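Just so you know, we're using this note's numbering here: the sequence shown kicks off at 1 and counts up by one. Quick reminder that beta carbons are idealized off the backbone N, C-alpha and C, glycines included. Since this is a predicted model, take the numbers as computed values, not measurements. One structure is given here, and the rest of the page talks about it.
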Amino acid sequence: GVIGMNRLLLDTALSQEQHEYALTVQHSAEALLDLINNILDFSKIEAGKLELEIINFNLLRMLENTVDLMAHKAYEKGLEITVDLDDELPNYLTGDPSRIRQILINFISNAIKFTEVGEIVLRVERFPLPATAPSPHNGMGEGHAAFMARFSVSDTGVGIPAGKETMIFEHFTQADSSTTRKYGGTGLGLAISRQLAELMGGGIGVDSRPGHGATFWFTACLTEAPVPPVEIERAAQYHENLRRLRILVAEDNIVNQKFAQRLLEKSGFNVDVAANGREVLEAIERIKYDLVLMDVQMPEMDGLETTARIREREKESGRRLPVIALTANAVKGDRERCLAAGMDEYITKPIKRTHLLRVIQELVEKAVF
């Protein structure tokens, strides 16, 4: 109640001084709630009474919800959280999504706290279940479809001092006392995360160099779950919609061009290609495309100028053609330049099939087409 009402207060017309006071209340209340929850979890773990809730869940939705919870804190510091999924991961899993989310929120919260400039990357990978893997509790990860999932959060922050990588996972411990003074915290979050990872049949660790950021990771034994019937029906309708979509790939590199074309065609799309911006403008005059994958750097006319010209033409036609930027660059400000030119989404190379299809699906569900 306190946090919710104070959030409503922050959305009202306040003076700068009042807003600063209310923001301090918000941060303090959230920190207190985190502390209470951590102490409760710590007490349950110490008493051996913390149990996992094993259910079927949608991995992508769980990750999206997790990022949504942390997005406003990242935005306040000018940081962006991106998600990178292994193509081999199934959509539906059996495990404890709330505890996985709890660890990820702890990792992302720390990444935001210790990062001033750069980005935060949430990555999930699939590995075979090792023969030496510890037995997970409550049947988690059992069955022929069991595998080891590795969740990691990488940042470009201050990093972890050499020799401190292990101790930060102990109760009430931080890398050094100056960390507590500058950033706050109790030193409970990572210790609880370690014990949760072990409950899920996995482990936890960090790879870091001082001044070069850190990658916190944990593993968990999970099982591929059956797709719910309602999702099968929805997927069938989605793929039926895909077969009606016509996509233009704008890419001057022949190898990249063929790769993108083959990837999209195997996913059910009708695909044409163009080698530069001039060819793109000529093609969309002849054919009504549903989407353009636009390489930013092309000869004769680059992707930014081409998109700007497309948007200028659309002022007369009234129809907006969705454009997804493709770029080998991942530098700060590049995404903003693409969006400012009129592009709808932004994808860095090399193209990951799951990420590209997810972006296209989001555009479809938003009824852009």
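Item	Value
Whole-angstrom distance between residue 199 and residue 259, CA atom to CA atom	41 Å
Given residue 273 as reference, the closest of 336, 72, 52, 257 once Cα atoms are compared	257
Chain-order list of residues whose beta-carbon lies under 8 Å from that of residue 3 (same chain, five-residue window excluded)	26, 29, 30, 33
According to DSSP, residues forming a beta bridge with residue 92	58
Beta-carbon proximity check, residue 41 vs residue 192, cutoff 8 Å	yes
Cα-Cα separation, residue 223 to residue 120	27 Å
Touching by the beta-carbon criterion (3+ pairs, under 8 Å), the region 76 to 85 and the region 205 to 219	no
For residue 303, the three-state DSSP class (helix, strand or coil)	helix
Cβ shell of residue 108 (< 6 Å), same chain only, five flanking positions each side left out	70, 153
Beta-carbon spacing of residue 263, residue 289 below 8 Å	no
Among 301, 281, 299, 60, nearest to residue 292 - alpha-carbon criterion	281
C-beta contact flag for residue 148 and residue 202 at 8 Å	yes
CB contact flag (residue 91, residue 52, <8 Å)	no
For residue 254, three-class secondary structure by DSSP	helix
Contacts around residue 175, its chain only, beta-carbon distance under 7 Å, and the 5 residues preceding and following it disregarded	Note that residue 175 scores a pLDDT of 48, beneath 50, so its modelled location is shaky; the value from the coordinates is reported in the next line. Closer than 7 Å at the Cβ level, and outside the excluded window around residue 175, lie 160, 161, 164, 168.
Simplified DSSP state of residue 346, which is helix, strand or coil	strand
Other residues of its chain near residue 225: CB distance less than 6 Å, five sequence neighbours each side excluded	56, 92, 93, 94
Classification of residue 155 by the beta-carbon crowding that lies within 10 angstroms, buried from 16 upward	buried
Buried versus exposed call for residue 269 [16 or more other C-beta atoms within 10 Å across all chains shown]	buried
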